[in-house]
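2 protein chains.
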Amino acid sequence: MTPQKPPATAEKLIDIAESLFAEKGFYGTSIRDLAEGIGIAKSSLLHHFPTKEKLYGAVLKKLADEMTHEVQGIREAFSDEKEQIFAFVQLLCNNSEKKPNRENIILRELLDNPKRAEKAKKWFFVDYFRELTGMIKSGQNQGMFKPVNPEIFILQLLGAHRYLIISLPTVKQFFDATIYQQILTDHRAELESFVKERLINEEGV
Amino acid sequence: MTPQKPPATAEKLIDIAESLFAEKGFYGTSIRDLAEGIGIAKSSLLHHFPTKEKLYGAVLKKLADEMTHEVQGIREAFSDEKEQIFAFVQLLCNNSEKKPNRENIILRELLDNPKRAEKAKKWFFVDYFRELTGMIKSGQNQGMFKPVNPEIFILQLLGAHRYLIISLPTVKQFFDATIYQQILTDHRAELESFVKERLINEEGV
DNA sequence: TTGACTGTCTACCGATCGGTCGGTAGGCTA
DNA sequence: TAGCCTACCGACCGATCGGTAGACAGTCAA
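Same order as they appear, the protein sequences are chains F and Y. One point on numbering: in our numbering, the residue at position 52 of the first sequence is 57, and numbering is uninterrupted. One point on numbering: in our numbering, the residue at position 116 of the second sequence is 121, and numbering is uninterrupted.
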């Protein structure tokens, strides 16, 4: 059913599109740039993806599927919701170092989505979002988590992380003598403290 | 020194540019749209701002000046840093309801700045950022605040807020029966709790 | 009255945009 | 061999991009 050997060109297009859309946004990226980026003609790109929007959608879908799958993996790997949420914080931080494009595209999509959504487009990250809020609700049902609003908590957690990540290239020059890696380490510790104090129920022995 | 009566057209241009750049981004907004938006010819726009970048810069500058001034106002109005930081949280939340364009432009600028900055452009929000981290450091010197990294704390606080705000138009349809205003209220309370638990030192009587 | 200046206009420019078109080379199947 | 399909290409399209040139009207000071 799934094609065993997709001719690689389409995959290469999705990869280059991910990085260029992340860097310059949808309108700031031309299909000429994308085609040249992997050394094919523009019309060849349009053979694989009939419109620029379709290619953009493919990038989002791949990204959303990966992220949803990662969260599902965490939820299956740990039965304890406390372990799940801390594992998710680790995942967030690790991914930002390994795949810095992601946060940019997600932010850009959130900014552009409202007007795109008018054209009856679906939101690719709905499963990802539901998976995360589901994790919170489940922990609350177990009595492990405080009764915060799950959606708000997740958005604040994601925001605290992603905003810092996309700000770093601009802001880091103003960090007093703090080295880059130290910022990421401290940030990770701060996120954990945030989860511990705002979400985890003290077991009170 | 400051022009007593700028002919209003330039101001109208900055206003329409603020909302269109917020909505569609720099590349997604054409100077034709901007000119038509206030009913003048495109070349008339270029009379006031010789390039699109200059107009964009004027928007950023106005925004950054306003925001810096607001924070300075808070710091002068309260001598107690604890009152300052909670007043700032209120300011953040109030402004997002009154001036929703702001958060969009700031986010877009952070995303686009890294490649723009290569062209030796300055960052408009540096004073705003320094004012906020200065507030944290001052509170720490008074012993009122915990010894968190001020830059990281500010970025996480701003991120938790701004990310939620820009996500709302997309995400709100997935809030179970929660009404819009309630989300904003809960969000505000959550931000306050975050500040209280992660920043404020327990005075221990 | 004249001349400089300001704000606005129409007309136009070259470059680039997303997308279409006709066609070709090569592999697979009948 | 014939027919078909996939991947790719260069040439081209109308539309739009940011920006320029020049004309014209109103204002104000010399």
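Backbone N, C-alpha and C fix where the C-beta goes; we use that ideal spot for every residue, glycine too. Only a predicted model underlies this, so the values are computations on that prediction, with no experimental measurement involved.
Item	Value
What are the residues in the stretch 131–159 of chain Y lying within 9 Å of chain F by C-beta distance?	Val131, Phe134, Arg135, Thr138, Val153, Asn154, Glu156, Ile157 and Phe158
Taking all protein chains shown into account, do 16 or more other C-beta atoms lie within 10 angstroms of the C-beta of Gly44(F), making it buried, or fewer, making it exposed?	exposed
Thinking C-alpha only, which one of Phe91(Y), Phe26(Y) and Arg107(Y) is nearest Glu197(Y)?	Phe91(Y)
Return yes when the Cβ of Gln147(F) is within less than 8 Å of the Cβ of Glu208(F), no when it is not.	no
Label Asn154(F) either buried or exposed according to how many other C-beta atoms from any shown protein chain fall within 10 Å of its C-beta, with 16 as the threshold for buried.	buried
Per the DSSP calculation, Ile205(F) is bridged to which residue(s)?	Phe150(F)
Chain F beta carbons: is any one of them nearer than 8 Å to that of Lys120(Y)?	yes
Comparing the C-beta of Ser198(Y) with each C-beta of chain F, is any distance below 8 Å?	yes
Does the separation of the CB atoms of Thr175(F) and Trp128(Y) fall below 8 Å?	yes
For a minimum of 4 consecutive residues, which ranges assigned as the alpha helix (DSSP H) are wholly contained in the stretch 67–151 of chain F?	86–103, 106–122 and 131–146
Skipping 5 residues on each side, what residues in its chain have a beta carbon closer than 8 Å to that of Asn206(Y)?	Gly148, Met149, Phe150 and Lys151
Return the first residue and the last residue of the alpha helix (DSSP H) that Gly44(F) is part of.	No alpha helix (DSSP H) holds Gly44(F); DSSP gives it neither H nor E.
My assumption, with CB atoms under 8 Å, is that Gln161(F) sits in contact with Leu169(Y). Please give the rounded CB distance.	6 Å
Over the uninterrupted alpha helix (DSSP H) stretch that includes Ser172(F), give me the two end residues.	Pro155 to Val176
Please confirm whether Ser24(Y) and Asn106(Y) have their CB atoms less than 8 Å apart.	yes
Is the Cβ of Arg167(Y) closer than 8 Å to any Cβ of chain F?	yes
DSSP on Ser212(F), reduced to helix/strand/coil?	In the structure as shown, chain F begins at 6 and stops at 210. Residue 212(F) is therefore absent and cannot be evaluated.
Quick one: grab the DSSP three-state call for Ala15(Y).	helix
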